[in-house]
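Peer 1: Residue numbers (the working numbering), protein chains in the order written: chain U, 6 to 173; chain L, 6 to 173. Quick one: this structure, given as C-alpha cells, is what I'll be asking you about.
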DNA sequence: GTTATTGCAAACCATTTGCAAGTGT
DNA sequence: ACACTTGCAAATGGTTTGCAATAAC
C-alpha cells in the first residue's frame with residue numbers, strides 16, 4: 006500500500022481494502038460482521054482473477070470458526086462490487102469472474118482461447134480512443150472493457166510441436 | 006447482398022447466410038431441416054442484437070407448421086456460432102446475446118447502463134492498437150471485444166430532467 | 001435403411017431468495 | 001431493543017440433455 010494520503014475523486018486511496026469496505030458499510034448503515042471481514046481478507050490476499058466458487062473453496066480451508074456460507078459469499082461479492090473494491094469481468098459467460106478494482110491501475114485483458122488464461126495489459130491509447138469515440142457519439146463514457154482474444158505465447162509454442170494436420 | 010464474388014480467407018462472401026449455413030451443414034455431414042432453415046431465415050431477417058428468448062418469441066408468431074422447439078433453437082444458435090454466422094456478445098452475463106457475424110463489418114459496442122441499450126461503432130484505431138499490443142506481448146490475436154460503458158445520449162437527456170437529489 | 005434431428009420432459013447448475021435464528025450497534 | 005445478517009433449504013431461470021419418435025440422406 007502506498008504511504009501517500011491523496012484522494013482520487015471521492016475515494017481515499019490510502020485506505021486498505023479492508024478499511025475501505027468498513028467505510029462503505031458504515032455509510033450504508035450496514036454491519037461489520039466476521040463473515041464480511043473474512044471475505045475481504047481472503048479476496049485481497051492475492052491478485053488473481055477468481056470465480057465465486059474459487060473463493061468458496063479457499064474459504065473452506067480456513068479454520069472452522071471462520072467458515073462462511075455460500076449465499077453469504079455471493080451476497081458479499083455483490084457488496085464488494087458496489088463498494089468499488091471488485092469488478093466483474095464477464096469474459097466467460099455463465100459464471101462471473103471477479104478482479105480487484107481498488108488501488109489497482111486501469112488495464113485490459115488478453116484471453117487465451119486455448120488455455121482459458123487471462124493476461125493483463127495497459128494501454129493509454131485505448132482510453133484516449135474510448136473517450137474520442139464516446140464524445141463523437143454523445144455518449145457519456147464511464148469505463149470500458151476490452152478483451153483481446155487469441156493464443157498466448159505458451160499455447161502457441163505448444164501448438165508448434167503438433168503437425169498442422171493433428172486435429173484435436 | 007453484394008453481387009461480387011470474392012473470397013475472404015476460407016469464406017466465400019458472395020453466399021447468403023442461408024447458403025453459407027447449408028454449405029457448413031454439408032461439410033459437417035449435418036442435415037438440412039426445415040427447423041434449421043426457419044431459424045437462419047428469422048435470425049437474418051433483421052440486424053439487431055438478440056437473445057435466445059427474443060428469437061423464440063419471434064418464431065412463435067410464425068404459422069404453426071414452422072414452429073421450432075426451444076431446445077432446437079438453442080442447438081441451432083450454437084451451430085450458427087460455429088459456422089461463423091453469429092457471434093456471442095457476453096456483455097450481460099447470465100444470458101447470451103447474439104449478433105450477426107457474417108458479411109458484417111468489424112465493430113465494437115457502447116453499452117448504456119441506464120436503458121441497457123447496445124450501440125455499435127467502428128474504429129480502425131482500435132484494431133491497430135490491438136495488434137500492436139498483442140505483438141508486444143507475443144500474443145497471437147484473432148479478435149477482440151470492446152465495450153464502452155456509460156450513459157447514452159437519450160438517457161443523459163432524460164436524466165437532466167431530474168434534480169441531482171432525485172435518488173431512484 | 002441408416003444415422004442425424006426433433007420435441008418433450010427432466011436435469012443442470014450458478015446464483016438468488018424466504019425465513020427463522022442469531023448478532024452487531 | 002432494533003434492525004441487519006446469517007445459514008439453511010428451496011426456488012429461479014437460462015440453458016442443456018436423455019431418449020423415443022421422426023425425418024434427411
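C-beta atoms are modelled at their ideal positions from N, C-alpha and C, and glycine is treated no differently. Small disclaimer: the values here were computed from a predicted structure and weren't measured.
Report the neighbours of residue 130 of chain U on chain L: residues whose CB is nearer than 7 Å to its CB, in chain order.
Peer 2: As a working mapping, residue 130 of chain U is identified with position 125 in the first chain. Within 7 Å Cβ-Cβ: 134.
Peer 1: Can you give me, in chain order, the residues of the segment 131-160 of chain L that have a beta carbon less than 7 Å from any beta carbon in chain U?
Peer 2: 131, 134, 135, 138, 139, 142, 143, 144, 145, 146, 147, 148, 149, 150, 151, 152, 153, 154, 155, 156, 157 and 158
Peer 1: Determine which residues of the segment 55-72 of chain U have a Cβ less than 9 Å from any Cβ of chain L, and write them out in chain order.
Peer 2: none
Peer 1: On the CB-based measure, 16 or more other CB atoms within 10 Å of its CB, does residue 87 of chain L come out buried or exposed?
Peer 2: Along the second chain, one-based indexing puts residue 87 of chain L at 82. Burial call: exposed.
Peer 1: At 4 residues or longer, and completely inside the segment 106-152 of chain U: list those alpha helix (DSSP H) runs for me, N to C.
Peer 2: 129-141
Peer 1: Hey, could you find the ends of the beta strand (DSSP E) residue 73 of chain U is sitting in?
Peer 2: Taking the first chain and counting its residues from 1, one reaches residue 73 of chain U at position 68. No beta strand (DSSP E) holds residue 73 of chain U; DSSP gives it neither H nor E.
Peer 1: On the CB-based measure, 16 or more other CB atoms within 10 Å of its CB, does residue 34 of chain U come out buried or exposed?
Peer 2: Taking the first chain and counting its residues from 1, one reaches residue 34 of chain U at position 29. Exposed, by the Cβ-count rule.
Peer 1: Assuming residue 218 of chain L and residue 154 of chain U are in contact, meaning their beta carbons sit under 8 Å apart, how far apart are those beta carbons, in whole angstroms?
Peer 2: Only positions 6 to 173 of chain L appear in the structure, and residue 218 of chain L is not among them; the question remains open.
Peer 1: Return the CA-CA distance between residue 156 of chain L and residue 163 of chain L, expressed in angstroms with no decimal places.
Peer 2: Position 151 of the second chain, counted from the start, is the residue given in the question as residue 156 of chain L. Position 158 of the second chain, counted from the start, is the residue given in the question as residue 163 of chain L. Straight through space, the alpha carbons of residue 163 of chain L and residue 156 of chain L are spaced by roughly 10 Å.
Peer 1: Using a cut-off of 8 Å between C-beta atoms, extract the partners of residue 35 of chain U located in chain L.
Peer 2: Locating residue 35 of chain U in the first chain gives position 30, where the first residue counts as 1. Chain order gives no chain L residues near residue 35 of chain U, where near means a beta carbon separation below 8 Å; the closest approach is about 17 Å.
Peer 1: Against chain L, does residue 88 of chain U count as a neighbour if the rule is that its beta carbon must be under 8 Å from one of theirs?
Peer 2: Sequence index remark: in the first chain, residue 88 of chain U carries index 83 (1-based). By this cut-off, residue 88 of chain U is not an interface position.
Peer 1: Could you list which residues in chain U have their beta carbon closer than 7 Å to that of residue 26 of chain L, in chain order?
Peer 2: Your numbering for residue 26 of chain L matches position 21 in the second chain. Going along chain U, no residue has its Cβ under 7 Å from residue 26 of chain L, so there is no contact; the nearest lies around 22 Å.
Peer 1: I'd like to know whether the C-beta of residue 8 of chain L is nearer than 8 Å to at least one C-beta of chain U.
Peer 2: For the purposes of this step, residue 8 of chain L is identified with residue 3 of the second chain, where counting begins at 1. With a pLDDT of only 40 at residue 8 of chain L, under the threshold of 50, the placement of this residue in the model should not be trusted; the figure read from the coordinates follows. No, residue 8 of chain L lies away from the interface with chain U (no Cβ there is under 8 Å from its Cβ).
Peer 1: What in chain U is Cβ-close to residue 124 of chain L, meaning under 9 Å?
Peer 2: Counting from one through the second chain, the residue named residue 124 of chain L turns up at place 119. Near residue 124 of chain L (Cβ distances below 9 Å), the residues of chain U are 142 and 144.
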